[in-house]
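The structure appears right after this line, and notes come after that.
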Amino acid sequence: MASAQAAPRAADGSPIRVIVAKPGLDGHDRGAKVVARALRDAGIEVIYTGLHQTPENIVRTAIQEDADVIGLSVLSGAHLTLFADVLAQLASHNASDIVVFGGGIIPEDDIVELEQMGVAKIFTPGATTASIVDWVVGRVGAGV
Numbered sequence: 024m025a026s027a028q029a030a031p032r033a034a035d036g037s038p039i040r041v042i043v044a045k046p047g048l049d050g051h052d053r054g055a056k057v058v059a060r061a062l063r064d065a066g067i068e069v070i071y072t073g074l075h076q077t078p079e080n081i082v083r084t085a086i087q088e089d090a091d092v093i094g095l096s097v098l099s100g101a102h103l104t105l106f107a108d109v110l111a112q113l114a115s116h117n118a119s120d121i122v123v124f125g126g127g128i129i130p131e132d133d134i135v136e137l138e139q140m141g142v143a144k145i146f147t148p149g150a151t152t153a154s155i156v157d158w159v160v161g162r163v164g165a166g167v
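Just so you know, we're using this note's numbering here: the sequence shown kicks off at 24 and counts up by one.
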């Protein structure tokens with residue numbers, strides 16, 4: 024029997040809400056689904072948008088769902104463009120307070136560039152789901 028543990032809360036006391044999205048043409052979503060499930064199992068509210076999402080749709084969903092975080096999974100090599108587009112869409116909707124993180128096969132030099140443009144964290148292959156959950160809760164949680 025699972026132990027009853029309080030769901031992590033955002034700084035305002037509401038449940039943490041995360042959008043997990045697959046932008047662009049990449050059709051490999053196993054990792055995104057594994058991360059979404061790990062977040063959900065930790066008590067975080069997760070909205071998985073599915074494959075082939077545009078940056079505009081991802082940001083629109085994040086705003087409509089009052090998300091605290093957007094997690095992007097990019098394996099197509101278009102990470103610089105897609106993350107930049109999501110960040111630009113957030114800025115254009117005055118929603119830059121939504122934290123953006125991501126994962127995928129991303130070269131170290133590109134991780135530095137992504138962080139400089141405003142991506143809060145990039146997880147590469149081998150990152151544990153526990154480390155991702157801990158990072159999300161630590162980043163937007165209410166003093167957990």
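All residues carry an ideal CB built from backbone N, CA and C; glycine is no exception.
Taking all protein chains in view, the Cβ of Q139 is surrounded by fewer than 16 other Cβ atoms within 10 Å, so the residue is classified as exposed. Per the coordinates, the alpha-carbon of G66 lies some 31 angstroms from the alpha-carbon of D133.
Taking all protein chains in view, the Cβ of V122 is crowded by 16 or more other Cβ atoms within 10 Å, so the residue is classified as buried. Under the DSSP assignment, I81 falls in the alpha helix (DSSP H) whose first and last residues are P78 to Q87. The Cβ-Cβ distance between V159 and L95 does not fall below 8 angstroms. Pairing E131 with R53, the inter-Cα distance amounts to about 22 angstroms.
The C-alpha of L105 lies about 7 angstroms from the C-alpha of P78.
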